[in-house]
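Enquirer:
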Amino acid sequence: MNKSVLLASESKYRKQLLEQLGFSFTVAPSNIDESPQVNESPTTLVIRLAKEKALFQLSNFPKHIIIGSDQVADIDNVSIGKPKTRADAYETLMACKGRRIPFHTGLCLINGEHGKIQTHIDTFYIHYREYSDKEINNFLDKHLLLSCAGSIDWQGAGISLIKKLEGNDPNSLTGLPLIKLCEMFRNINFQII
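For the sequence shown, my numbering assigns the number 8 to the initial residue and increments by one for each residue that follows.
Here is the structure:
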């Protein structure tokens, strides 16, 4: 019999992805400080935050399998998360124009019963096309995304700003690398199918 699963996230996108696997789970956001530490690389940040989110819930759900995840865009080794304002979103999209930008997603799975912790970083690249200032403003006027790392929704209108996608699991761009998560579940004998 499978154990209970907890998604330590308030992201509706992660919840939607996990629902695709077809089992029931609980959602409980983790209230942690997501600020980068001094000189912390984007990859170190996402794995630390994914682990902290999962560990935050462990005392409340000690018998659960807990999933933590976090994502940032990496622009010149600077972590870019969700924009706080339209101006932030505009600045991010300008910095991405015509470039290949890595999006790092940190994943942590904790088996509460045994204390086993698995972590993984999935990197997926967005090749942005050259676009005009007017296109960015039009995009932001219609699709201001304050809930998406890097200010873009690749499954929505944001696709119009993209030249190419590159990586192993496109779900990681939405915030939860399902291919790796399924492998982690298999590692602890959690049956999906």
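Ideal Cβ positions, reconstructed from N, Cα and C, are used throughout, including at glycine.
Can you tell me whether residue 103 is helix, strand or coil according to DSSP?
Expert: Looking at residue 103 - three-state DSSP - the assignment turns out to be helix.
Enquirer: I need the boundaries of the beta strand (DSSP E) containing residue 126, first residue and last residue.
Expert: Element bounds for residue 126: 123–135.
Enquirer: Using beta-carbon positions only, say whether residue 175 and residue 159 come within less than 8 Å of one another.
Expert: Result no, Cβ atoms of residue 175 and residue 159 do not sit closer than 8 Å.
Enquirer: Do residue 86 and residue 49 have their C-beta atoms closer together than 8 Å?
Expert: Yes, the pair counts as a contact, with Cβ atoms nearer than the cut-off.
Enquirer: Please state the DSSP three-state secondary structure of residue 171.
Expert: Correct three-state label for residue 171: strand.
Enquirer: Which residue wins for smallest C-alpha separation from residue 131, given the options 164, 170, 142 and 177?
Expert: Residue 131 has its Cα closest to that of 177, out of 164, 170, 142 and 177.
Enquirer: In whole angstroms, give me the CA-to-CA distance for residue 8 and residue 137.
Expert: Legend: pLDDT at residue 8 = 49, less than 50; position of this residue unreliable, no value from coordinates given.
Enquirer: Select from 113, 165 and 139 the residue whose C-alpha is nearest the C-alpha of residue 155.
Expert: Considering only alpha carbons, the answer is 165.
Enquirer: Should residue 193 go down as buried or exposed, given a rule of 16 or more other Cβ atoms within 10 Å for buried?
Expert: Classification for residue 193: exposed.
Enquirer: Just the Cα atoms here: how many angstroms apart are residue 47 and residue 54?
Expert: Between residue 47 and residue 54, the C-alpha separation is close to 11 Å.
Enquirer: Would you mind reading off the limits of the beta strand (DSSP E) that contains residue 148?
Expert: Where residue 148 is concerned, there is no enclosing beta strand (DSSP E), although the alpha helix (DSSP H) it sits in stretches over 140–150.
Enquirer: Taking the alpha carbon of residue 38 as the point to measure from, which residue in 157, 162, 59 and 97 has its own alpha carbon closest?
Expert: Comparing Cα positions, the closest option is 59.
Enquirer: With a cut-off of 8 Å, do at least 3 Cβ pairs link the segment 106–120 to the segment 89–96?
Expert: Not touching, per the Cβ criterion.
Enquirer: Buried or exposed for residue 36, please, with buried defined as at least 16 other CB atoms from any protein chain shown within 10 angstroms of its CB.
Expert: Exposed, by the Cβ-count rule.
Enquirer: Quick check for students: name the residue ranges of the alpha helix (DSSP H) that lie wholly in the segment 28–71, counting only runs of 4 or more.
Expert: Complete alpha helix (DSSP H) runs here, min 4: 49–65.
Enquirer: Determine the closest residue to residue 114 out of 81, 62, 171 and 101, with distance taken between C-alpha atoms.
Expert: When each option's Cα is compared against that of residue 114, the closest is 62.
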